[in-house]
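To start, the structure under review is shown below, and the notes come after it.
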Amino acid sequence: MRTVILAIAVILVAILAYVLYWREAPAPEPMETPEAPAAPAAPEPTIGLIDDARIVNADSEPGNWLAHGRTYDEQRFSPLTSINRENVGELGLQWYRDLGTNRGQEATPIIVDGTMFIASTWSRVHAFDAVTGEEVWSYDPQVPRAWSRWACCDVVNRGVAVYGGRVYIGALDGRLIALDAATGALVWEVDTLIDRERPYTITGAPRAARGKVFIGNGGAEYGVRGYVTAYDAETGEQAWRFFTVPGDPSLPFEHPEMELAADTWKGGEWWEIGGGGTVWNSIVYDPDFNQVYLGVGNGAPWTRAIRSPGGGDNLFLAAIVAVDADTGVMNWYYQTTPGDNWDYTAVQDIALAEMEVDGEMRKVLMQAPKNGFFYVIDRGSGDLLRAHPFATITWATHVDMETGRPVENPEVDYSEKPQWILPGPIGAHNWQAMSVDVEAGLVYIPAQDNPLIYGMSQEWQETGVYKHNPGAWNLGIEFGRISQLLIENAADQPAAKGYLKAFDPLTGESAWTVELPHYWNGGVLGTAGGLVFQGDAQGMLIARDKATGEELWRFNAQVSMMAPPVTYQIDGVQYVSILTGTGGGELFAGETNTVSLTHGNLGRLLTFALGGTEELPPPTAVDRSIPEQQLADVGDAELAQGERLYNSYCAVCHGVLGRSGGAIPDLRLMTPEIHAIFDQIVLEGTLAANGMAAFDDVLAPEDSGRIHAFVRARAHEDREVALGNQDIPRLTWLQ
Ligand code: CA
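Okay, so the sequence shown: first residue is 101 according to our numbering, each after it adds one.
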């Protein structure tokens, strides 16, 4: 039973979605490489004076890592060769810095002229001397800690943009902040939110180009409406805003594209929940066409039967939208998952390249979104060129290349009964970066097979009405009883697996595939030194031969990783850097087998060089013994209610079945002192300074008591098993 529950927990993590539809649009004219925007009038910065031309020509200064994906192409493939197949065995830790947190780390470091800029938890920014690791400055935007309640996947941040002498950070609470790159001093900040009462968050890295900074947001699971805003990089003045889904139909359209989109939403009251379509990760500037690609997220709620009961594709959910960088006017779009029903976001990294396709050189973009198909799309026209599966897919059989639409598999329709579906909501690929090796014609993808059992919400099934709950996730699938669904259907559950794949986007074949010990691993860096670097869930930073996948070097970081490595070179010395600490969208899965569970989820910045001899302190074992419990005197019915409440309000962070993955406190380990103030914590926000907000707007005192009883019962069961009592009756309230 324990194995089953553990396996179930692994799968549960998932929660996101997408489908596809393609539409012809006039092709914009290719542009010359843009000139740099006018030099800023602000005082001359001493470091980091970056403009468009410098990023476009990033290959002329391969020692820097100037932008999120290194260049505007976002290929994350470095031309550096000092570290290579022959000598990577001599790579060693050069320096490391503790970041003072055990929450998740997702950021890509940016390295400019000897300074490294990173974003960490709570949207904090650090600047380090890239050679010595000495901190130059740090900045804390003082995000209100209770805001973490609206972060589906922890208080992570995927990085800063450095541009025109400024460092830009999107703060969790929706602010976009400009700092002086040399000093970290605040230059300006703007509120990007259209409604601060809505549960918006920002975890994505801003992108900067054409004198503007582009930023989106997250929050679709809770219920928001997605959009992207461009701000003047110097002043913070708003330049344009593009909404990704239509709003309240009783109000005017904000821009003409919303009229087009509104025709594809039918029935329902999606605007009450928000509709979704958040652009929480990928926003890529293309200097060839002066356009910006927006990777659009899943629907809110997930289920189309509730969101748009009359059918329709629900534009621009799960689509890549190309908009003019100067005006925000749409040039074309391609919808990967029309009528998204599975949390299949198309927010995953978008990489730009020129490649020969069917005998013709094409300017293409590539994306491996959650839905499991790898897309190659013409950047000028939006024409779909390829859509091969890169992981196990059961929701669709294939993409019809004539229509550009996926062909859904009716056998896994979950409108009538729960169904295991691959990919699940954490996707066949999530935000963890891929690396594009144009010369080899391969993309190195951190892929996974991770199913979820999707079933319509019991409330909707019984009443035909779905009520928006502003204080919780609004998915439309059954979530409160998710443990029960998992257990009832455990026999049919596909295994969760993780891979690193060298994938050919034109043929759909993999040159090599490495199966990893766990499914939730880190982003990928490829180099001209013939190497592919990736950190994994077991705490290993591994370098492989990019031609074969053969492991050439590994370093035990002692902490699970999900962030992408980067590389840079200063004074002839090449470095590799990575952040450690897992979490993110995997929090819900809880106690899966990662090293962060056993050694703690220490947030660190590690930097390696050939001959590096620095050593990490010996890891300490986390005491995960569960204290003896004072069980509440309640029956199974109340425990079942407690579990349902726990799944609805707590499990997304604290983990399914009361088991945490290490980044967030495990409630089974609570001390008697914490038990004594459980209600105050839940209802009054006693620990709000740690990010545990008050829930008294949605939970009554008796609800808190039921959750508490459930947590104690779960702790008791797991304690008994740990003590060797395998035969105790378990999860009786689910029977
Ligand atoms: Ca989502």
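The beta carbon of each residue, even a glycine, is placed where N, CA and C say it ideally should be.
As the structure is a computational prediction, the values presented were derived from the model and not from experiment.
For this session: Answer yes or no: the CB of residue 390 versus the heavy atoms of ligand 1, is any distance below 7 Å?
Result: no
Exercise. Got a sec? Which residues, its chain only, sit under 6 Å from residue 298 by beta carbon, not counting five neighbours each side?
Worked result: 324
Problem set entry | Start-to-end residues for the beta strand (DSSP E) that takes in residue 508 | Per DSSP, residue 508 belongs to the beta strand (DSSP E) from 505-508.
Problem set entry | Complete runs of the beta strand (DSSP E) confined to the region 567-649 [at least 3 residues] | 597-603, 610-616, 624-627, 631-635, 640-645
Exercise. Would the region 610-620 and the region 632-642 be scored as touching if the rule is three or more Cβ pairs under 8 Å?
Worked result: yes
Exercise. Who pairs with residue 526 in a beta bridge, going by DSSP?
Worked result: BP columns for residue 526 are empty, so no partner.
Exercise. Under the DSSP definition of a beta bridge, which residues are partnered with residue 421?
Worked result: 394, 433
For this session: Measure the C-alpha to C-alpha separation of residue 272 and residue 292 and round it to an integer number of angstroms.
Result: Whole-angstrom Cα-Cα distance: 11 Å.
Problem set entry | Whole beta strand (DSSP E) elements within the region 284-362, 3-residue minimum | Qualifying beta strand (DSSP E) stretches, in chain order: 286-291, 307-309, 312-315, 327-332, 338-343.
Problem set entry | Segment contact, 8 Å Cβ cut-off, at least three pairs: the region 305-318 with the region 353-360 | Fewer than three Cβ pairs drawn from the region 305-318 and the region 353-360 lie within less than 8 Å of each other, which leaves the two stretches out of contact.
For this session: Can you tell me which of the three DSSP states residue 135 falls into?
Result: Legend: pLDDT at residue 135 = 48, less than 50; position of this residue unreliable, no value from coordinates given.
Exercise. So, residue 289 versus residue 277, is the Cβ gap smaller than 8 Å?
Worked result: In contact: residue 289 and residue 277 (Cβ atoms closer than 8 Å).
Exercise. Is residue 398 near ligand 2, with its Cβ less than 7 Å from a heavy atom?
Worked result: Inclusion of ligand 2 in the displayed structure is not the case, the ligand content consisting of ligand 1 alone.
For this session: Flag residue 440 as yes when its Cβ comes closer than 7 Å to any non-hydrogen atom of ligand 1, and as no otherwise.
Result: Residue 440: no, Cβ never under 7 Å from ligand 1.
For this session: Along the alpha helix (DSSP H) that carries residue 746, what are the first and last residues, could you check?
Result: 736-749
Problem set entry | Residues bridged to residue 463 (per DSSP) | 454
Problem set entry | C-alpha distance - residue 591 paired with residue 800, whole-angstrom precision | C-alpha separation (whole angstroms): 37 Å.
For this session: Tell me where the beta strand (DSSP E) around residue 198 begins and ends.
Result: 191-198
For this session: Following the continuous beta strand (DSSP E) through residue 697, name the residue where it begins and the one where it ends.
Result: For residue 697, no beta strand (DSSP E) segment is defined; the enclosing uninterrupted segment is the alpha helix (DSSP H) at 695-699.
Exercise. Helix, strand or coil: how does DSSP classify residue 235 here?
Worked result: strand
Exercise. Measuring from the CB of residue 443, is there a heavy atom of ligand 1 at a distance below 7 Å?
Worked result: Correct: residue 443 has its Cβ closer than 7 Å to ligand 1.
Exercise. Does any heavy atom of ligand 1 sit closer than 7 Å to the C-beta of residue 321?
Worked result: yes
Exercise. Across which residues does DSSP place residue 520 in a beta bridge pair?
Worked result: DSSP lists 553 as partners of residue 520.
Problem set entry | Distance, residue 316 Cα to residue 145 Cα | Bear in mind that the predicted position of residue 145 carries a pLDDT of just 45, short of 50, making it unreliable; the figure below should be weighed with that in mind. Cα-Cα distance, rounded: 27 Å.
Exercise. Contact between the region 685-694 and the region 184-203: three or more CB pairs below 8 Å?
Worked result: no
Problem set entry | residue 669, enclosing beta strand (DSSP E) - first and last residue | Counting along the chain, the beta strand (DSSP E) containing residue 669 begins and ends at 666-670.
Problem set entry | Of the listed residues 403, 395, 466, nearest to residue 445 (C-alpha basis) | Taking residue 445 as reference, the option from 403, 395, 466 with the minimal CA-CA separation is 395.
For this session: Jot down the residue ranges of each uninterrupted beta strand (DSSP E) in the region 199-227, minimum 3 residues, whole runs only, in chain order.
Result: 210-212, 215-219
For this session: State yes or no: is the C-beta of residue 207 within less than 8 Å of the C-beta of residue 269?
Result: Their beta carbons are not under 8 Å apart, which means residue 207 does not touch residue 269 by this criterion.
For this session: Assuming residue 553 and residue 575 form a contact by the criterion Cβ under 8 Å, report the distance between their Cβ atoms to the nearest whole angstrom.
Result: With a Cβ gap of about 13 Å, residue 553 and residue 575 do not count as contacting.
Exercise. Which value, in whole angstroms, describes the spacing of the CA atoms of residue 833 and residue 588?
Worked result: 13 Å
For this session: Please classify residue 777: is it buried, with 16 or more other beta-carbons within 10 angstroms of its beta-carbon, or exposed?
Result: exposed
Exercise. Fully enclosed by the region 773-827, which alpha helix (DSSP H) runs are 4 residues long or longer?
Worked result: 801-822
For this session: Excluding the 5 residues preceding and the 5 following residue 243 in the sequence, name in chain order all residues of the same chain whose CB lies nearer than 6 Å to its CB.
Result: 222, 223, 271, 272, 273
Exercise. Exposed or buried, which one is residue 782 when buried takes at least 16 other CB atoms within 10 Å?
Worked result: Buried.
Problem set entry | Helix, strand or coil at residue 651 [DSSP, three-state] | The answer is strand: DSSP assigns residue 651 an E or B state.
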